[in-house]
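A.B. asks: Have a look at this one before I ask anything.
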Amino acid sequence: MEDHLQNLYEVLSKVEGYVYPNEIELNWSILIVLYPYITGLVAGAFILASLERIFKIKVLKPTYGIALLTAFSFMLVATMPLVSHLGKPLRAYEIMITPHSSSAMAIFGFVYLWYLMVVLFLEIWFDYRRDMVIWGNESKGVKRFLYKLLSLWTTDISPKAVALDDRIGYIVTVIGIPSAFLLHGYVGFIFGSIKANPWWSTVLMPVIFLFSAMVSGIALVMLIYIVLTKVRKQLIDMECLDTIAKYLFYILVIDFALEGLDQIHRIYVAEESFEALHKLVFGKLFYTLFIYQGLLGTVVPLLTLGTLQFYKPKASIRKIIYIILPVLVLMGIFFMRWNVVIGGQLFSKSFYGYTTFKTGLIGMEGYLMAATWLIIPFLILSFLLWLLPPWNKIETSHE
Amino acid sequence: MPQHIKRLISVFAIFIVLFLVMRQVLKPSSFGKLGHFRADAIYENTLKPMHYTIADSCTKCHKSVRAEKDKGFHKRLKCEVCHGPGLKHSLFAEQFKGKELPDSLKLYKPGERKDCGVCHQKNAARIKIQFDTINTTMVHQIDLAEHNPPDLKANEPANCIDCHNPHQP
Chain S
0 MEDHLQNLYE VLSKVEGYVY PNEIELNWSI LIVLYPYITG LVAGAFILAS LERIFKIKVL
60 KPTYGIALLT AFSFMLVATM PLVSHLGKPL RAYEIMITPH SSSAMAIFGF VYLWYLMVVL
120 FLEIWFDYRR DMVIWGNESK GVKRFLYKLL SLWTTDISPK AVALDDRIGY IVTVIGIPSA
180 FLLHGYVGFI FGSIKANPWW STVLMPVIFL FSAMVSGIAL VMLIYIVLTK VRKQLIDMEC
240 LDTIAKYLFY ILVIDFALEG LDQIHRIYVA EESFEALHKL VFGKLFYTLF IYQGLLGTVV
300 PLLTLGTLQF YKPKASIRKI IYIILPVLVL MGIFFMRWNV VIGGQLFSKS FYGYTTFKTG
360 LIGMEGYLMA ATWLIIPFLI LSFLLWLLPP WNKIETSHE
Chain B
0 MPQHIKRLIS VFAIFIVLFL VMRQVLKPSS FGKLGHFRAD AIYENTLKPM HYTIADSCTK
60 CHKSVRAEKD KGFHKRLKCE VCHGPGLKHS LFAEQFKGKE LPDSLKLYKP GERKDCGVCH
120 QKNAARIKIQ FDTINTTMVH QIDLAEHNPP DLKANEPANC IDCHNPHQP
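Structure, rendered in structure tokens:
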């Protein structure tokens, strides 16, 4: 029986103050941080693509295809952190085949399938069909077969058919915008509806998640665009980058205002949980919240982008800024997810104690596993860019 | 309808039919029996080994201890809080009446300062109130470093149970 107590002493060394027994270990680890992060990138990238298509912001044209393929690559991997977190890969499909409207978790099957199959898949398919037919006729071997398969062995590329594709693609994008909002609002909803947790339980949560998603998605596409153009040894379209930066700035302002509003509201109403959260924020979350998310991930990009709106340094300097800023923003949004997911589990619901989050480098829930799920979407994206290069497409005006 | 739209609709139709077939084939057999979940999950949980028992099974043999405990501050604590999981002990210890218990059936006998300290070590996060009634739900907080510290020179451990009866502290 000594072992039993020895174990207890070890466990208690992770704890400060008073916590309930089921709060000592964090059940939602770094992989659950990744899940909203990746779905956020999907929603954000899609919304950037729809800016070009629906709102007819023509300068963004060079990023349209990249944004769509980025959204698709990340969407394919979005569920994987959850699957590896749950540790029952053979049962992973069950959530997809047994969706139910009574629970935010169980409705996942509907939301995911709708967004992946109906929105992203269809939009990309209609956008690329004509090009796939042409490329299929021009290429050989496996690539030819892939194009034929993906275009479903269709051959009709008459102007009428292409116009129809364009029309349907437009309708899909129109449906896609609320769907992207739904997808990421839904992820925020899961957290916001956990009423037992005062760090999560706020109706603003879906909206905050949504805007932070847009911020991260736009930053990611901006970065990918710059890197791709460099790799392809092409000229970077500065007007396009300036416009993306402008939208990034607008949405960052909204995101910052919403998160600020959430915090001010917390401070003003100062519910019974306030003292515990105050200690959490200035203690265990100090670096991740104030330094990484707040200062480096929000304030610095906000000030820089704000300055760029009325003072434009020469292109070479702007280019460097446009490489550094997305990295900062992407890091900031990652830590935003971290602060929500991990932060919400660090304090006891008794409000009298805190626990510690430790995770290893290896193992099913380790940092390497998390890094793997962040790298795989880029591999998928590289494959998709090889197969469906947006820059080789025949110009369509999307009118 | 153009050819490619027809093909696309067929692909979606195939996908939906496949999905429905998959749903029929892959859905766990006990799914939906008791609600929107796999009913066997409950059964599988019952197969996990049990470690703890109920307080009454201790009272069966240890009546006097229970009577003593019921008069003191510890009356709300289950025996297993201090003595560890006791299901095996409660089921098989009676067979060894009058004989030495095998180690696997022995329960933990806490008696050192650290044992009582698990609950009673002073902790700023625990609510401090006056301890005057036996019905209080709060835990008495003791600074183990100051309260009757062990005399290290004389090598005397000064355990809590030297002065306090743990069953009726």
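As you go down the protein sequences, you meet chains S and B in turn. Letter by letter, the first sequence follows residues 0 to 398 of numbering that gives the first Met the number 0. Letter by letter, the second sequence follows residues 0 to 168 of numbering that gives the first Met the number 0. Glycine residues also receive a C-beta, built at the ideal position from the N, C-alpha and C atoms.
Apply the 10 Å Cβ neighbour rule to B/Asn164 and answer buried if 16 or more other Cβ atoms are within range, or exposed otherwise.
C.D. replies: Translated into positions along the second sequence, residue 164 of chain B becomes position 165. Burial call: exposed.
A.B. asks: Does any C-beta atom of chain S lie closer than 8 Å to the C-beta of B/Lys26?
C.D. replies: For the purposes of this step, residue 26 of chain B is identified with residue 27 of the second sequence, where counting begins at 1. Yes, contact with chain S.
A.B. asks: Please name the residue or residues paired with B/Ile141 in a DSSP beta bridge.
C.D. replies: As a first step, residue 141 of chain B must be located in the second sequence, where it is residue number 142. Answer by DSSP bridge pairing, in chain order: B/Gln120.
A.B. asks: In chain S, which residues lie less than 7 Å from B/Gln2 when you measure between Cβ atoms?
C.D. replies: Walking along the second sequence from the start, residue 2 of chain B turns up at place 3. Neighbours of B/Gln2 on chain S, chain order: Thr153 and Asp155.
A.B. asks: Mapping DSSP to helix, strand and coil, what is B/Phe36?
C.D. replies: For the purposes of this step, residue 36 of chain B is taken as residue 37 along the second sequence, with counting starting at 1. It is coil, neither helix nor strand.
A.B. asks: List, in order along the chain, the chain S residues whose C-beta lies closer than 7 Å to that of B/Met49?
C.D. replies: If you number the second sequence from 1, residue 49 of chain B lands on position 50. Neighbours of B/Met49 on chain S: none; closest Cβ ~15 Å, over 7 Å.
A.B. asks: With distances taken between CB atoms, is the gap from S/Val214 to S/Leu251 smaller than 8 Å?
C.D. replies: Sequence index remark: in the first sequence, residue 214 of chain S carries index 215 (1-based). Sequence index remark: in the first sequence, residue 251 of chain S carries index 252 (1-based). Yes, the Cβ-Cβ distance between S/Val214 and S/Leu251 is below 8 Å.
A.B. asks: Per the DSSP calculation, S/Phe346 is bridged to which residue(s)?
C.D. replies: Working through the first sequence from its first residue, we reach residue 346 of chain S at position 347. In the DSSP output, where bridge partners are listed per residue, S/Phe346 has S/Tyr353.
A.B. asks: If you compare alpha carbons, which of S/Pro177, S/Pro325, S/Ile266 and S/Met335 is closest to S/Leu284?
C.D. replies: Here residue 284 of chain S refers to the residue found at position 285 of the first sequence. Nearest of S/Pro177, S/Pro325, S/Ile266 and S/Met335 to S/Leu284, Cα basis: S/Met335.
A.B. asks: Write down the C-beta distance between S/Ile176 and S/Ile323 rounded to the nearest angstrom, noting that I regard them as a contact closer than 8 Å.
C.D. replies: As a working mapping, residue 176 of chain S is identified with position 177 in the first sequence. As a working mapping, residue 323 of chain S is identified with position 324 in the first sequence. About 30 Å separates the two Cβ atoms, so there is no contact after all.
A.B. asks: Nearest to S/Ile266 by alpha carbon, out of S/Pro197, S/Leu386 and S/Pro312?
C.D. replies: Taking the first residue of the first sequence as 1, we reach residue 266 of chain S at position 267. S/Ile266 has its Cα closest to that of S/Pro197, out of S/Pro197, S/Leu386 and S/Pro312.
A.B. asks: Rounded to the nearest angstrom, what separates S/Tyr291 and S/Val328 at their Cα positions?
C.D. replies: For this step, residue 291 of chain S is matched to residue 292 along the first sequence. For this step, residue 328 of chain S is matched to residue 329 along the first sequence. So the two alpha carbons sit approximately 9 Å from each other.
A.B. asks: Sort B/His88, B/Phe36, B/Pro1 and B/Ile13 by Cα distance to B/Ile53 and report the nearest one.
C.D. replies: Here residue 53 of chain B corresponds to residue number 54 of the second sequence, with the count starting at 1. Of the candidates B/His88, B/Phe36, B/Pro1 and B/Ile13, the one whose C-alpha sits nearest the C-alpha of B/Ile53 is B/His88.
A.B. asks: Using the C-alpha atoms, what's the distance from S/Trp390 back to S/Lys313?
C.D. replies: Residue mapping note: residue 313 of chain S aligns to position 314 of the first sequence, counting from 1. Residue mapping note: residue 390 of chain S aligns to position 391 of the first sequence, counting from 1. Distance between the alpha carbons of S/Lys313 and S/Trp390: 26 Å.
A.B. asks: Have a look at S/Gly39, S/Ile320 and S/Tyr146 and flag the residue whose alpha-carbon is nearest the alpha-carbon of S/Leu304.
C.D. replies: Counting from 1 along the first sequence, the entry for residue 304 of chain S is found at position 305. With distances taken between Cα atoms, S/Leu304 lies closest to S/Ile320.
A.B. asks: Assign S/Leu387 to one of two classes, buried (16 or more other C-beta atoms within 10 Å of its C-beta) or exposed (fewer than that).
C.D. replies: Residue 387 of chain S sits at position 388 when you count from the first residue of the first sequence. With 16 or more other Cβ atoms within 10 Å, it is buried.
A.B. asks: Consult DSSP for S/Arg143 and reduce its assignment to one of helix, strand or coil.
C.D. replies: Locating residue 143 of chain S in the first sequence gives position 144, where the first residue counts as 1. Note: S/Arg143 maps to helix in three-state DSSP.
A.B. asks: By the DSSP assignment, the alpha helix (DSSP H) with S/Tyr17 in it spans what residues?
C.D. replies: As a working mapping, residue 17 of chain S is identified with position 18 in the first sequence. Segment: none, S/Tyr17 is in no alpha helix (DSSP H) and carries neither H nor E.
A.B. asks: Any residues in the region 55-87 of chain B with a beta carbon nearer than 9 Å to a beta carbon of chain S? Which ones, in chain order?
C.D. replies: Listed by position, the residues of the region 55-87 of chain B near chain S (Cβ gap below 9 Å) are His82, Gly83 and Pro84.
A.B. asks: Should B/Asn134 be labelled buried (16 or more other beta-carbon atoms within 10 Å of its own) or exposed?
C.D. replies: Here residue 134 of chain B is taken as the residue at index 135 of the second sequence, counted from 1. In this prediction, B/Asn134 scores a pLDDT of 49, lower than 50, which makes its location untrustworthy; the coordinate-derived value is nonetheless stated afterwards. By the 10 Å Cβ count, B/Asn134 comes out exposed.
A.B. asks: Scan the region 76-106 of chain S for residues whose Cβ lies nearer than 9 Å to a Cβ of chain B and list them as they occur along the chain.
C.D. replies: Flagged, chain order: Arg90, Tyr92, Glu93, Met95, Ile96, Thr97, His99, Ser101, Ser102 and Ala105.
A.B. asks: Assign S/Thr62 to buried or exposed, taking buried as 16 or more other Cβ atoms, counted over all protein chains shown, within 10 Å of its Cβ.
C.D. replies: Residue numbering aside, residue 62 of chain S sits at position 63 when the first sequence is read from its first letter. With 16 or more Cβ atoms within 10 Å of its Cβ, S/Thr62 is classed as buried.
A.B. asks: Nearest chain S C-beta to B/Phe30 closer than 8 Å, yes or no?
C.D. replies: By 1-based counting over the second sequence, the position of residue 30 of chain B is 31. So, interface residue.
A.B. asks: When the Cβ atoms of the region 26-34 of chain B are set against those of the region 57-65 of chain B, are three or more pairs found closer than 8 Å?
C.D. replies: These segments do not touch.
A.B. asks: Using a C-beta cutoff of 8 Å, does B/Asn181 count as contacting chain S?
C.D. replies: Given that chain B is displayed from residue 0 to residue 168, the structure contains no residue 181 of chain B and the question cannot be resolved.
A.B. asks: Please tell me whether B/Val10 has its Cβ less than 8 Å away from any Cβ of chain S.
C.D. replies: Numbered from 1 along the second sequence, position 11 holds the residue referred to as residue 10 of chain B. It does; some Cβ of chain S falls within 8 Å.
A.B. asks: Can you give, in chain order, each stretch of the alpha helix (DSSP H) that sits fully within the region 127-200 of chain S and has at least 4 residues?
C.D. replies: If we require 4 residues or more, the alpha helix (DSSP H) runs fully inside the region 127-200 of chain S come out as 140-149 and 158-191.
A.B. asks: Would you please state the rounded distance, in angstroms, between the beta carbons of S/Tyr246 and S/Ile217? I believe it to be under 8 Å.
C.D. replies: As a working mapping, residue 246 of chain S is identified with position 247 in the first sequence. As a working mapping, residue 217 of chain S is identified with position 218 in the first sequence. That belief holds up - the Cβ atoms of S/Tyr246 and S/Ile217 are roughly 6 Å apart, short of 8 Å.
A.B. asks: Report yes if the C-beta distance between S/Leu288 and S/Val206 is below 8 Å; otherwise report no.
C.D. replies: As a position in the first sequence, residue 288 of chain S is number 289, starting the count at 1. As a position in the first sequence, residue 206 of chain S is number 207, starting the count at 1. No, Cβ-Cβ distance for S/Leu288 and S/Val206 is not below 8 Å.
A.B. asks: According to DSSP, is B/Gln167 helix, strand or coil?
C.D. replies: Mapped onto the second sequence, residue 167 of chain B falls at position 168. Of the three classes helix, strand and coil, the one that applies to B/Gln167 here is strand, per DSSP.
A.B. asks: Can you name the start and end residues of the alpha helix (DSSP H) that S/Pro35 belongs to?
C.D. replies: Counting from 1 along the first sequence, the entry for residue 35 of chain S is found at position 36. That run of the alpha helix (DSSP H) goes Ile29 to Arg52.
A.B. asks: Does chain B have any CB closer than 8 Å to the CB of S/Ala160?
C.D. replies: Position 161 of the first sequence, counted from the start, is the residue given in the question as residue 160 of chain S. With 8 Å as the cut-off, S/Ala160 counts as an interface residue toward chain B.
A.B. asks: Return the CA-CA distance between B/Glu43 and S/Ile94, expressed in angstroms with no decimal places.
C.D. replies: Mapped onto the second sequence, residue 43 of chain B falls at position 44. Mapped onto the first sequence, residue 94 of chain S falls at position 95. Answer to the nearest angstrom: the Cα atoms are 19 Å apart.
A.B. asks: Alpha carbon to alpha carbon, what distance is there between S/Arg52 and S/Tyr169?
C.D. replies: To locate residue 169 of chain S, count along the first sequence from 1; it is residue 170. To locate residue 52 of chain S, count along the first sequence from 1; it is residue 53. Cα to Cα, the separation comes out at about 7 Å.
A.B. asks: For B/Lys152, is the classification buried or exposed, using 16 other Cβ atoms within 10 angstroms of its Cβ as the cut-off for buried?
C.D. replies: As a position in the second sequence, residue 152 of chain B is number 153, starting the count at 1. Burial call: exposed.
A.B. asks: Counting C-beta neighbours from all protein chains within 10 Å, is the total for S/Gly331 16 or more, i.e. buried, or is it exposed?
C.D. replies: Position 332 of the first sequence holds residue 331 of chain S. S/Gly331 should be labelled buried.
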